[in-house]
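Residues in the sequence shown are numbered consecutively from 0, following numbering that gives the first Met the number 0.
Note that CB positions come from ideal geometry on N, CA and C, so glycine has one too.
Bear in mind that the values here come from a model prediction, so they are computed numbers and not experimental data.
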Amino acid sequence: MKEWNESEKSSGNLFTTEYDRMLAYLWAYSEARKSEDNVAEIKEFGSANRKAIGDSNYDKLLRNRDYCCRCGETYRLENLGICVECDNLFCYRCNRKRCGCNGEIVG
0 MKEWNESEKS
10 SGNLFTTEYD
20 RMLAYLWAYS
30 EARKSEDNVA
40 EIKEFGSANR
50 KAIGDSNYDK
60 LLRNRDYCCR
70 CGETYRLENL
80 GICVECDNLF
90 CYRCNRKRCG
100 CNGEIVG
């Protein structure tokens with residue numbers, strides 16, 4: 000995020016993969032970020048990453064299948080919770096508010 004701010008918010012300094020951009024967006028809007036001093040900048044960075052994906056690509060990304068890190072069952076990504084700290088994925092049955100790494104689970 001620092002490089003992005005220093006480059007006058009150039010899209011060239013956003014994350015490069017759609018998956019990483021999605022994670023940045025979810026991280027920026029997670030509950031844990033609300034207490035940050037620069038929450039407006041964080042949300043702007045997250046929104047810029049989301050915009051770089053595009054609506055149709057974001058929907059397509061969410062339709063990809065992945066698996067729960069606890070039980071191994073596969074689901075569409077839109078139906079899995081994601082830890083904003085370590086990227087672990089959780090299905091609705093295994094989901095908790097916090098991951099084993101103590102990161103917040105969103106989605």
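For this session: Report all residues from its chain with a CB closer than 7 Å to the CB of GLU30; omit the five preceding and five following residues, and keep chain order.
Result: Residue numbering aside, residue 30 sits at position 31 when the sequence shown is read from its first letter. Within the same chain, Cβ atoms closer than 7 Å to the Cβ of GLU30 are found at GLU103, the five residues on either side in sequence being excluded.
Exercise. Once you ignore the five residues that flank ILE52 on each side, which residues in its own chain have a CB closer than 6 Å to its CB?
Worked result: Against the sequence shown, residue 52 aligns to sequence position 53. The answer, listed in chain order, is GLU17 and ARG20.
Exercise. Under the three-state reduction of DSSP, which class applies to ARG64: helix, strand or coil?
Worked result: One-based indexing of the sequence shown puts residue 64 at position 65. If DSSP states are grouped into helix, strand and coil, ARG64 belongs with the strands.
Exercise. If you follow the alpha helix (DSSP H) that ARG49 is part of, which residue opens it and which one closes it?
Worked result: The sequence position of residue 49 within the sequence shown is 50, counting from 1. Where ARG49 is concerned, the enclosing alpha helix (DSSP H) stretches over 38-52.
Exercise. In the DSSP assignment, what residue or residues form a beta bridge with TYR74?
Worked result: Mapped onto the sequence shown, residue 74 falls at position 75. DSSP output for TYR74 lists ASP65 as bridge partner(s).
Exercise. PHE14 bridges to which residues according to DSSP?
Worked result: On the sequence shown, residue 14 is found 15 positions in, with the first residue counted as 1. For PHE14, which the question treats as bridged, DSSP gives no partner whatsoever.
Problem set entry | CYS82 - containing beta strand (DSSP E), residue span | Stepping through the sequence shown from its first residue, residue 82 is reached at position 83. Unbroken beta strand (DSSP E) run through CYS82: 80-82.
For this session: In the DSSP assignment, find the unbroken alpha helix (DSSP H) run with LYS1 in it and report its ends.
Result: Here residue 1 corresponds to residue number 2 of the sequence shown, with the count starting at 1. Residues 1-5.
For this session: Pull up the distance between the alpha-carbon of GLY99 and that of LYS42, whole angstroms please.
Result: The count along the sequence shown starts at 1 and reaches residue 99 at position 100. The count along the sequence shown starts at 1 and reaches residue 42 at position 43. Their Cα atoms are separated by approximately 25 Å.
Exercise. What residues are listed by DSSP as bridge partners for LEU88?
Worked result: The count along the sequence shown starts at 1 and reaches residue 88 at position 89. Bridge partners of LEU88: ILE81.
For this session: Using three-state DSSP, classify GLU103 as helix, strand or coil.
Result: Looking up residue 103 in the sequence shown gives position 104. Correct three-state label for GLU103: strand.
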